[in-house]
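S.K.:
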Amino acid sequence: MSHKKTFLIVIAVLFAQPILLFSSSGEIQLPEEFQVQNCTAVLATADATLDGSVLFAKNNDLSEFDLSWLYYSPRERYSAGSRVKLQDVEIPQVSTTWAWIGSKGPTWWGMGMGINEWGLATGINDAPTREEAEKGIRSDELCRLVLERAKNPADAVQLIGDLVTTYGFSGDEFGHGKVYPLANSTEAWIVEITPRHWVAAKVEGIKIIANQFQITDHWDLGSEDLVEYAIEQGWCKSREEFNFARCYSAEGYPFLSSQTRIERGLELLEPKLGKICPEDLMEVMRDHYENTELYWYPPHKNPSYRTICVSRTSASMVCHLKPWMPRQLQLIWFSVCPPCGSVFVPIYTGATEIFKPWRSGIGGEDWINYTSDSAWWRFKRLQYLVEKNYEVYQPLVLEKWEKIYQTELGQSQKFEKKIEKMLRSGKANQAKVEINKFVNKNLEEAYEEANLIFKELASPAKS
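Going by the working numbering, the residue at position 12 of the sequence shown is 220; the numbering climbs one at a time, nothing skipped.
1) Output yes or no for whether 8 Å exceeds the beta carbon distance between Gln467 and Ala335.
2) Which of the three DSSP states, helix, strand or coil, is assigned to Glu459?
3) Can you find the residues in the same chain that come closer than 7 Å, C-beta to C-beta, to Ser281, ignoring five residues on each side of it along the sequence?
4) Please classify Ser378: is it buried, with 16 or more other beta-carbons within 10 angstroms of its beta-carbon, or exposed?
5) By the DSSP assignment, the alpha helix (DSSP H) with Asn637 in it spans what residues?
6) Where do the N-terminal and C-terminal ends of the alpha helix (DSSP H) with Ser524 fall, by residue?
7) Indicate the three-state DSSP secondary structure (helix, strand or coil) for Phe242 in the structure shown.
8) Would you mind working out which of Leu353, Lys629, Ile323 and Asn648 sits nearest Val292, comparing C-alpha positions?
9) Pick helix, strand or coil for Glu284, following the three-state DSSP scheme.
10) Kindly confirm or deny that the region 542-560 and the region 630-650 touch, where touching means at least three C-beta pairs closer than 8 Å.
11) Take the Cβ of Asn325 as the centre, count every other Cβ of all protein chains shown within 10 Å, and call the residue buried at 16 or more, exposed below.
12) Would you mind sorting Ala252 into buried or exposed? The rule is 16 or more other CB atoms within 10 Å of its CB.
13) Apart from the five residues just before and just after Gly430, which ones in its own chain have a Cβ nearer than 7 Å to its Cβ?
14) Where Ala254 and Arg472 are concerned, what is the direct C-alpha to C-alpha distance, given to the nearest angstrom?
15) Looking at Phe264 and Trp389, is the spacing between their C-beta atoms short of 8 Å?
16) Could you pull out every residue in the same chain whose Cβ sits closer than 6 Å to the Cβ of Trp609, ignoring the five residues on either side in sequence?
17) By how many angstroms is the C-alpha of Cys527 removed from the C-alpha of Lys359?
18) Spatial neighbours of Tyr375 within its chain, please: CB distance less than 7 Å, with the 5 preceding and 5 following residues excluded, ordered by chain position.
19) Rounding to the nearest angstrom, what Cα-Cα distance links Tyr286 and Thr305 in this structure?
20) Where does Val605 fall in DSSP's three states?
21) For Cys351 and Ile323, which I take to be in contact (beta-carbon distance under 8 Å), what is that distance rounded to the nearest angstrom?
22) Residues in its own chain within less than 7 Å of Arg520 by CB, not counting five upstream and five downstream?
23) Evaluate contact between the region 473-492 and the region 435-449, counting only Cβ atoms and requiring at least three cross-stretch pairs below 8 Å.
24) Evaluate Gln536 with the Cβ neighbour count: other Cβ atoms within 10 Å of its Cβ, from every protein chain shown; 16 or more gives buried, anything less gives exposed.
25) Based on the DSSP output, what are the partners of Asn268 in its beta bridges?
26) With which residues is Thr330 paired in a DSSP beta bridge?
27) For the ligand NAD, is there a heavy atom less than 7 Å away from the beta-carbon of Val435?
28) Counting only the same chain and skipping the five closest in sequence on each side, list residues whose C-beta sits under 6 Å from that of Thr394.
29) Judging by CA-CA distance, which residue of Glu400, Leu328 and Glu339 is the nearest neighbour of Ser347?
30) Return helix, strand or coil for Phe587, following the three-state DSSP convention.
31) When burial is assigned at 16 or more other CB atoms within 10 Å of the CB, is Tyr655 buried or exposed?
32) Based on the DSSP secondary-structure assignment, which residues constitute the bridge partners of Gly310?
33) Starting from Thr248, follow the beta strand (DSSP E) in both directions and report where the run begins and ends.
34) Of the choices Ala523, Lys635, Pro506 and Asp581, whose alpha-carbon is the least far from that of Val594?
35) Tell me which residues share the same chain as Gly260 and place their Cβ nearer than 6 Å to its Cβ, disregarding the 5 neighbours each side in the sequence.
36) Note down the Cα distance separating Asn644 from Leu539, rounded to an integer number of angstroms.
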């Protein structure tokens with residue numbers, strides 16, 4: 209059965225069920241499972257992509273005014289006996305932590321998604337679990353520890369397993385379970401975590417990750433007592449009956465708000481299998497179920513169905529991980545705020561400087577902390593203007609961003625050849641200078657363009 213047919217079956221099931229519940233006041237009340245709505249990710253391995261690269265895309269969905277910085281953390285060295293004090297636990301520091309670039313909240317030590325100097329990329333997706341919460345390493349802390357301590361996905365899997373086994377995992381909120389997609393230029397994995405257990409599986413082809421566990425009766429690595437613990441808890445009767453997702457998920461699994469996103473992603477990508485490129489993943493990250501029965505206008509106010517792109521998407525990235533490229537030229541296409549009205553800007557792993565407005569500003573409950581010298585706030589302001597007349601403004605804005613993206617794409621292809629030549633000639637320091645110039649030029653242009661587009665749309669002629 210094709211995924212398009214499967215998606216339509218899921219739609220039929222959804223429409224057959226009483227999804228919306230009304231309170232005595234007449235206000236719409238959503239079932240509890242609809243609250244599990246943070247983040248969507250996509251993995252595509254070499255056999256699924258056009259050029260044999262590995263692709264990893266993710267929307268980082270937070271609260272409406274949770275601001276994301278584009279943040280660079282340099283390589284650091286530490287003396288023997290150093291410790292890392294996390295929120296709930298303290299762990300030994302390693303002698304060297306790797307540099308990374310990614311999406312980070314202004315007040316967090318941890319981070320939400322990104323890539324390190326070795327081209328290892330990761331992020332976090334919530335997944336409700338029935339296992340009770342306990343104090344341990346928090347999800348954003350673990351994400352940063354992975355990028356600082358692992359060079360490749362296989363190393364990251366083992367690191368996550370060791371840390372969860374030794375220190376436990378608090379998972380912070382949303383059911384205390386998490387999924388960590390992991391990718392570099394040669395392979396991709398997912399690791400699924402509860403407060404005391406973990407399981408990992410290598411990915412082949414395409415994988416859509418929403419907010420539920422997906423590893424079932426096949427996995428590659430995991431906790432030693434993974435099956436035995438489930439049997440002891442009465443979640444299954446035998447090893448043959450064991451299914452990780454069904455045993456360890458919270459009541460209600462599979463969750464319709466996740467399953468619809470998973471099926472939608474497969475519907476969009478399955479016809480392109482073997483020909484998938486970064487633009488295809490950008491399309492998925494911008495999706496609101498357009499041209500299906502689930503589409504609602506305005507798309508960010510759908511009362512029934514959780515879309516992939518939402519109003520509170522704080523940042524989005526598409527990693528283009530090429531095995532033939534040096535590690536300094538692994539590429540993130542990065543955007544802030546909902547990608548349906550934003551632009552993806554090319555960021556290379558060799559960059560060591562970030563244009564200041566992209567790492568400026570603080571969030572809050574509303575617009576009280578707005579500042580025009582923050583890229584995130586500029587794009588948020590543009591987002592809210594577009595949503596006042598989405599049907600008219602969004603195509604205009606996306607057309608402008610598409611022109612900039614195509615220019616950046618053409619420039620990046622020429623730029624990569626130039627940097628490759630420098631690196632082959634032993635000019636690593638010069639290459640770093642050029643990478644910083646290129647990355648920051650594009651960040652500055654996007655920052656300025658967001659302001660120009662806002663002024664154009666807000667002018668009386670457009671009102």
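Even for Gly, the Cβ is constructed at its ideal location relative to N, Cα and C.
A quick note: this is a predicted structure, and the numbers were derived from the prediction, not measured.
M.R.: Quick answer:
1) no
2) coil
3) Ala307 and Trp308
4) buried
5) Ala636 to Ala666
6) Element bounds for Ser524: not the alpha helix (DSSP H) but the beta strand (DSSP E), Thr521 to Leu529.
7) Confidence at Phe242 is low in this model, with a pLDDT of 40, below 50, so its placement is unreliable and the value that follows should be read with caution. Of the three classes helix, strand and coil, the one that applies to Phe242 here is helix, per DSSP.
8) Leu353
9) strand
10) yes
11) Rather than Asn, the amino acid found at residue 325 in this sequence is Glu. So Glu325 counts as buried.
12) buried
13) Trp406, Val407 and Ala408
14) 21 Å
15) According to the sequence shown, residue 389 is Pro rather than Trp. Yes. Within cutoff.
16) Val551
17) 16 Å
18) Val297, Ile299, Gly344 and Ile345
19) 8 Å
20) helix
21) Cys351 to Ile323, Cβ: 11 Å. No contact.
22) Asp269, Leu270, Ser271 and Glu272
23) no
24) buried
25) Ala523
26) Gly322 and Leu390
27) For the structure depicted, the ligand NAD is absent and the ligand set is empty, with no information on it obtainable.
28) Pro531
29) Glu400
30) helix
31) buried
32) Tyr279 and Gly322
33) Thr248 to Ala252
34) Pro506
35) Ala254
36) 13 Å
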